[in-house]
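The next block holds one structure in the form of structure tokens; read it before the comments.
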Amino acid sequence: MTTLATASSELLSISSKDSAACTRVLTRWKSEILPTASTDEILQLFTCSQSKEVSVLSTLLAMINDELAFITTEGHRESSVEILRGLLQRAFGQQKAYQEDHIGSLQSLFQQCSHLFGRRMSRQDGSTDHQGFHGSSMTSLEQSEHIRLSLVELMSELGSYLITRSVPVESIGQAASCICQTLADHVFVDPFPDIILASCTLVQETLAKLCPTSVELHATDLLLQLAGRDVKHCLFRNRRSKIRSEAVVTSSAIVLCCQDSDSSNLSSLQEALQSILLPGWEELVKMDSAVSVRVAALNAVGMTTKQFDWTYSPDELTSFVESKALSLFVLGASDGNTQVQESAIQQMINALNCGSHNGQGWNVPWNVIKRYFHPVMEAILASCSFSWSTCKDRVRSLEALQVFFSFAITILDSNVVTDQSSSTLLPRMQPIVECLRKNIVSEEKDVLQPFSTTDQAALTACSILGGSDTCSTLVLDMLVASSEDKIELSKDAIAIISSPREAASTMLLLSRMVKGMICNEDTAAILRRVDPTLSISTPNWIYTSPSSMATITTLLSHTSVTNCVAANPSLAWALLDTVSEVVKCCKHHLSIGEDCHEGSWTLKEESVLEILIGIVHLLGCPEAYGLSAQANEILHEFSSCFLCDADSDDTKRSLLDAHFRKLVLKITAAAESTFPWKESDAAFSAMTALLRTVEGSTVSNNFEVVAPFFMHHMSSTEIAKEGEPEEYSLRITLMSVLQCILSDKTFHSLEDVSVPKISPTDIILSLVLPNLVWRAGGLASALRKLSVATVFSLLCHMKGIAEASALHSDILAQLIPVLHSCLEDTEPSTRELACVCLSLVLEQSSSEMIQAIWETNARIVDTLQSSLLSLLDDNHNPTRLAACRALKSFLTLRSPSEKVVSSLIVHLDDDEQEVKEQVHLVLETILQEEKARDRGAKVLATANRCLKGALHTHRDGSYCSSLLGLLEG
14 MTTLATASSE
24 LLSISSKDSA
34 ACTRVLTRWK
44 SEILPTASTD
54 EILQLFTCSQ
64 SKEVSVLSTL
74 LAMINDELAF
84 ITTEGHRESS
94 VEILRGLLQR
104 AFGQQKAYQE
114 DHIGSLQSLF
124 QQCSHLFGRR
134 MSRQDGSTDH
144 QGFHGSSMTS
154 LEQSEHIRLS
164 LVELMSELGS
174 YLITRSVPVE
184 SIGQAASCIC
194 QTLADHVFVD
204 PFPDIILASC
214 TLVQETLAKL
224 CPTSVELHAT
234 DLLLQLAGRD
244 VKHCLFRNRR
254 SKIRSEAVVT
264 SSAIVLCCQD
274 SDSSNLSSLQ
284 EALQSILLPG
294 WEELVKMDSA
304 VSVRVAALNA
314 VGMTTKQFDW
324 TYSPDELTSF
334 VESKALSLFV
344 LGASDGNTQV
354 QESAIQQMIN
364 ALNCGSHNGQ
374 GWNVPWNVIK
384 RYFHPVMEAI
394 LASCSFSWST
404 CKDRVRSLEA
414 LQVFFSFAIT
424 ILDSNVVTDQ
434 SSSTLLPRMQ
444 PIVECLRKNI
454 VSEEKDVLQP
464 FSTTDQAALT
474 ACSILGGSDT
484 CSTLVLDMLV
494 ASSEDKIELS
504 KDAIAIISSP
514 REAASTMLLL
524 SRMVKGMICN
534 EDTAAILRRV
544 DPTLSISTPN
554 WIYTSPSSMA
564 TITTLLSHTS
574 VTNCVAANPS
584 LAWALLDTVS
594 EVVKCCKHHL
604 SIGEDCHEGS
614 WTLKEESVLE
624 ILIGIVHLLG
634 CPEAYGLSAQ
644 ANEILHEFSS
654 CFLCDADSDD
664 TKRSLLDAHF
674 RKLVLKITAA
684 AESTFPWKES
694 DAAFSAMTAL
704 LRTVEGSTVS
714 NNFEVVAPFF
724 MHHMSSTEIA
734 KEGEPEEYSL
744 RITLMSVLQC
754 ILSDKTFHSL
764 EDVSVPKISP
774 TDIILSLVLP
784 NLVWRAGGLA
794 SALRKLSVAT
804 VFSLLCHMKG
814 IAEASALHSD
824 ILAQLIPVLH
834 SCLEDTEPST
844 RELACVCLSL
854 VLEQSSSEMI
864 QAIWETNARI
874 VDTLQSSLLS
884 LLDDNHNPTR
894 LAACRALKSF
904 LTLRSPSEKV
914 VSSLIVHLDD
924 DEQEVKEQVH
934 LVLETILQEE
944 KARDRGAKVL
954 ATANRCLKGA
964 LHTHRDGSYC
974 SSLLGLLEG
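Mapping of the sequence shown onto our numbering: position 840 corresponds to residue 853, and the numbering continues sequentially without gaps.
Okay, here's the thing in structure tokens:
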């Protein structure tokens with residue numbers, strides 16, 4: 014008896030022995046028999062297995078299946094599997110012809126092993142804790158993961174031997190079905206990754222080739238385990254990228270089995286693609302972090318869709334699947350990884366050209382893409398709009414939308430489509446606009462600089478949309494109800510600016526569309542990846558349609574926008590962005606010249622005014638928004654397009670000056686209420702910003718337009734108690750604006766001689782004096798201080814005017830008493846400014862005017878010099894100096910009392926040198942004036958007596974000596 018025969022006998026009798034004997038027999042087989050036995054001897058074992066009930070193979074299978082009288086150990090089962098695999102390798106691993114009985118033995122073994130595989134791999138309830146591994150709490154009957162892996166590999170090897178021998182499918186169909194069902198029910202949920210990888214290989218390399226009909230029969234069950242959304246542990250969501258990648262390849266192999274089948278069950282395949290696979294592939298292409306997985310998913314889509322006809326029919330399920338597949342190619346083309354992009358584009362071109370049979374070679378089949386334009390657009394828009402989707406999900410969908418917008422430009426605005434049916438492809442812009450706007454501004458947050466990733470993706474899509482003349486024109490047409498004489502916005506347009514959030518998103522949409530028209534590099538970059546030879550035309554939808562720019566400027570200056578800008582930072586930044594891009598568009602037109610456009614394009618005056626209105630409202634925003642510098646820069650750029658001197662550094666003249674009167678009227682007309690306005694009103698903020706920004710000469714030339722604004726808000730002497738803080742704040746703001754205007758050196762420089770000069774009397778009497786009246790409280794004090802500063806600015810300008818007589822006694826009669834009351838103010842700066850203003854007033858007055866005031870209000874005049882004199886003891890040194898200058902001006906017009914002279918001489922010994930010098934100057938002026946008068950003897954005598962007495966008592970007698978010398982001279 015040969016060694017193999019002896020070993021076989023030992024193995025056949027193993028069932029009557031114990032575990033130790035079993036171990037010795039199996040060890041001998043592994044170490045001695047397998048390496049030395051010949052192929053013919055091993056083949057004889059397979060032949061005998063068919064003719065005998067008990068054979069070497071059946072014993073090994075019984076041991077693996079734990080069917081012996083004693084309980085087999087894990088080592089026994091593992092060795093049995095290794096021996097069986099070794100026998101198969103030695104017998105059938107060589108490529109040669111075999112006898113029929115050998116092939117029959119192989120088929121029989123495949124059937125037996127399929128049942129064994131189903132039993133040992135089945136899972137049942139267990140309490141094993143997998144410590145977070147993929148899988149459930151159920152455990153396999155075969156608890157050894159190594160044996161389970163060997164069993165999967167055993168089935169793969171058995172199947173591969175049958176494939177090379179061209180075994181009829183009918184003879185092994187049932188066994189293959191059993192394996193497929195086991196994989197779907199038990200193996201694909203195994204917690205160990207190597208087993209899952211081997212199972213994927215079993216489907217791809219063995220079952221799909223050996224018996225595709227069995228794979229098709231169990232396709233739904235298999236695909237659910239691979240990609241089912243409702244399956245807890247589907248392989249598409251496995252944490253290992255290698256498993257996800259292999260699962261994708263397996264899913265495509267299953268689909269190909271269904272497509273290659275002769276059965277008529279194609280509708281179930283389409284349903285499986287629609288409900289299971291395409292959503293799974295889409296999730297991987299969108300969200301998977303591994304490049305290999307995303308490439309595998311795109312390759313799977315490509316392999317599946319090569320069999321499609323690509324003849325679109327709206328009512329067919331096939332067309333829906335084709336549209337979804339094309340949207341996945343678009344999604345892949347938008348990927349940030351070059352390898353994924355190239356794979357998506359190549360798979361798309363291959364698939365569409367295979368189905369189209371249009372003889373275009375491997376060029377991009379734009380005619381096929383055109384057929385699916387609408388359904389693909391709708392599919393991408395739907396994925397952008399899912400409220401439950403994550404931020405990354407929406408970003409990837411928006412990136413896909415960018416690519417498809419680029420395709421739309423190619424199809425709608427160029428000549429790559431050979432037929433003339435492009436006009437039927439015009440997309441419905443309302444859902445597109447709504448999708449983009451909702452992704453620019455979400456419900457959870459406002460849009461502020463810098464933009465988030467979702468905002469950026471949506472804004473880039475808007476920019477690409479602006480690169481299409483056709484699409485951009487459709488968007489604007491949607492917003493306009495009538496454009497014959499004046500642009501009238503449609504209901505849709507009013508709806509998308511109905512709230513600050515809505516208006517902000519609309520502004521950003523328009524700004525990026527304009528930006529995309531100026532520079533369509535985003536579109537060009539995308540299309541270069543798809544077809545490097547493709548060239549697209551330069552968009553010029555703003556320049557070719559007179560109503561395009563008018564529609565944009567009408568929107569950005571609409572009251573729904575401007576009335577909310579100052580109160581909403583998101584809207585303010587969005588409006589700034591829109592105005593900036595519109596101004597760049599104007600500059601772009603000037604830089605490229607009119608020869609580049611069909612006909613000449615000019616910006617209508619109404620559009621200019623609307624742009625300026627937007628800028629003015631931006632300038633009126635709170636400083637906390639931080640956009641005033643950019644708004645001023647935009648104003649400068651816009652003005653440079655139309656004004657030759659706008660670039661001069663020594664002037665602040667802009668288009669606001671050129672259109673000042675019309676802008677004031679527009680702001681007033683658009684206000685929500687008539688005068689008086691509240692400080693929080695948008696019209697108030699815009700008006701004050703306009704007045705601060707223009708030159709003083711502009712205000713003086715148009716003061717009759719501005720005057721009502723000031724008069725209605727500042728002329729009242731009464732301030733209601735209940736609205737006191739708001740009223741004071743408003744008046745302080747307006748007083749600062751007035752002071753800003755009056756301090757401008759050009760305020761009194763009239764350019765138009767036909768315009769009457771502004772009377773300073775009117776300004777002081779009607780606007781300033783009511784606010785100089787003393788009232789209690791901090792806000793009242795601040796208002797008085799600012800009012801005195803305004804009077805100071807006005808008087809400084811009047812000082813050099815030839816017509817100084819404009820300051821008549823009627824204004825002096827009201828101004829001097831009010832300034833006099835301010836000398837006792839608690840604020841030192843207010844006292845100082847009151848003294849300075851009195852000095853300027855008195856310098857422009859005459860003795861006769863002072864006498865006239867004295868005759869009507871003697872107390873004020875008589876107490877003025879004593880009030881000024883008392884300020885020489887003020888604790889604020891600048892106030893003391895200002896009081897000296899005011900005294901000097903007053904005493905040149907009216908003789909001092911003896912008491913005043915003696916008090917001044919006392920202050921010649923002041924601690925402050927500057928005060929002593931100013932007092933000396935005052936006394937010197939008094940003595941000179943009194944010597945010139947006939948009635949000044951008493952004053953001079955008093956001065957002489959006091960000076961001689963102080964000569965030896967003062968620390969520095971030089972000032973007294975100087976004045977005594979003046980008296981004696």
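Backbone N, C-alpha and C fix where the C-beta goes; we use that ideal spot for every residue, glycine too.
Since the model is a prediction, treat every value here as computed from it, not as a measurement.
Pair within 8 angstroms by beta-carbon distance, residue i and residue j
{"i": "L782", "j": "Q752", "result": "no"}
{"i": "A188", "j": "F105", "result": "no"}
{"i": "S667", "j": "S652", "result": "yes"}
{"i": "L230", "j": "S258", "result": "no"}
{"i": "V718", "j": "L704", "result": "no"}
{"i": "F342", "j": "Q360", "result": "yes"}
{"i": "A896", "j": "L855", "result": "no"}
{"i": "T546", "j": "G480", "result": "no"}
{"i": "S756", "j": "S686", "result": "no"}
{"i": "T351", "j": "V408", "result": "no"}
{"i": "L56", "j": "V38", "result": "no"}
Residue i versus residue j: straight-line alpha-carbon distance, rounded
{"i": "V543", "j": "I358", "result": "6 angstroms"}
{"i": "N376", "j": "G117", "result": "51 angstroms"}
{"i": "L478", "j": "L487", "result": "11 angstroms"}
{"i": "S44", "j": "A33", "result": "17 angstroms"}
{"i": "N989", "j": "A580", "result": "This structure does not reach residue 989, given that the chain is present from 14 up to 982, and the question cannot be answered."}
{"i": "S419", "j": "H387", "result": "14 angstroms"}
{"i": "D741", "j": "P635", "result": "The displayed chain sequence assigns Tyr, not Asp, to residue 741. If I take the Cα positions, the gap works out to 18 angstroms."}
{"i": "L365", "j": "A696", "result": "58 angstroms"}
{"i": "T318", "j": "N363", "result": "9 angstroms"}
{"i": "M724", "j": "D406", "result": "58 angstroms"}
{"i": "Y385", "j": "C367", "result": "16 angstroms"}
{"i": "D31", "j": "G172", "result": "34 angstroms"}
{"i": "L747", "j": "S698", "result": "10 angstroms"}
{"i": "I424", "j": "L588", "result": "32 angstroms"}
{"i": "S710", "j": "F760", "result": "4 angstroms"}
{"i": "E607", "j": "G529", "result": "Because the pLDDT at E607 is just 47, under 50, the model does not fix this residue reliably, and the point stays unresolved."}
{"i": "V595", "j": "E296", "result": "39 angstroms"}
{"i": "S51", "j": "S163", "result": "24 angstroms"}
{"i": "S971", "j": "T706", "result": "53 angstroms"}
{"i": "V389", "j": "A671", "result": "51 angstroms"}
{"i": "L101", "j": "F59", "result": "9 angstroms"}
{"i": "C809", "j": "P738", "result": "31 angstroms"}
Expected contact under 8 angstroms - CB spacing of residue i and residue j to nearest Å
{"i": "E170", "j": "I208", "result": "Not really, about 15 angstroms apart at Cβ, beyond 8 angstroms."}
{"i": "L785", "j": "I745", "result": "With 8 angstroms as the limit, L785 and I745 do not qualify as a contact, their Cβ atoms being about 13 angstroms apart."}
{"i": "V216", "j": "A266", "result": "6 angstroms"}
{"i": "S21", "j": "V94", "result": "Actually they do not touch by this definition, with Cβ atoms about 18 angstroms apart."}
{"i": "L568", "j": "L523", "result": "7 angstroms"}
{"i": "T701", "j": "V621", "result": "That pair is no contact at about 22 angstroms."}
{"i": "L980", "j": "I918", "result": "Contact flag wrong, Cβ pair sits at about 12 angstroms."}
Residue i: CB within 7 angstroms of a non-hydrogen atom of the ligand HEM
{"i": "L220", "result": "Ligands in the displayed structure: none, and consequently the ligand HEM is not present."}
(request) Pick out the complete alpha helix (DSSP H) segments inside the stretch 270 to 330, 4 residues or longer, and give them in chain order. (result) 279 to 285, 291 to 300, 304 to 318
(request) May I have a chain-ordered list of the beta strand (DSSP E) segments no shorter than 3 residues that lie completely inside the stretch 34 to 87? (result) none
(request) Pair every Cβ in the stretch 568 to 582 with every Cβ in the stretch 510 to 522, then say whether three or more of these pairs are closer than 8 angstroms. (result) yes
(message) For the pair the stretch 870 to 881 and the stretch 920 to 939, tell me if three or more CB-CB distances fall below 8 angstroms.
(response) no
(message) With three or more beta-carbon pairs closer than 8 angstroms as the criterion, would you say the stretch 557 to 567 touches the stretch 668 to 682?
(response) no
(request) Identify every run of the alpha helix (DSSP H) within the stretch 866 to 922, keeping only runs that are complete inside it and at least 4 residues long; order them along the chain. (result) 871 to 883, 890 to 904, 911 to 919
(request) For the stretch 298 to 308 and the stretch 318 to 329, state whether three or more C-beta atom pairs, one from each stretch, are separated by less than 8 angstroms. (result) no
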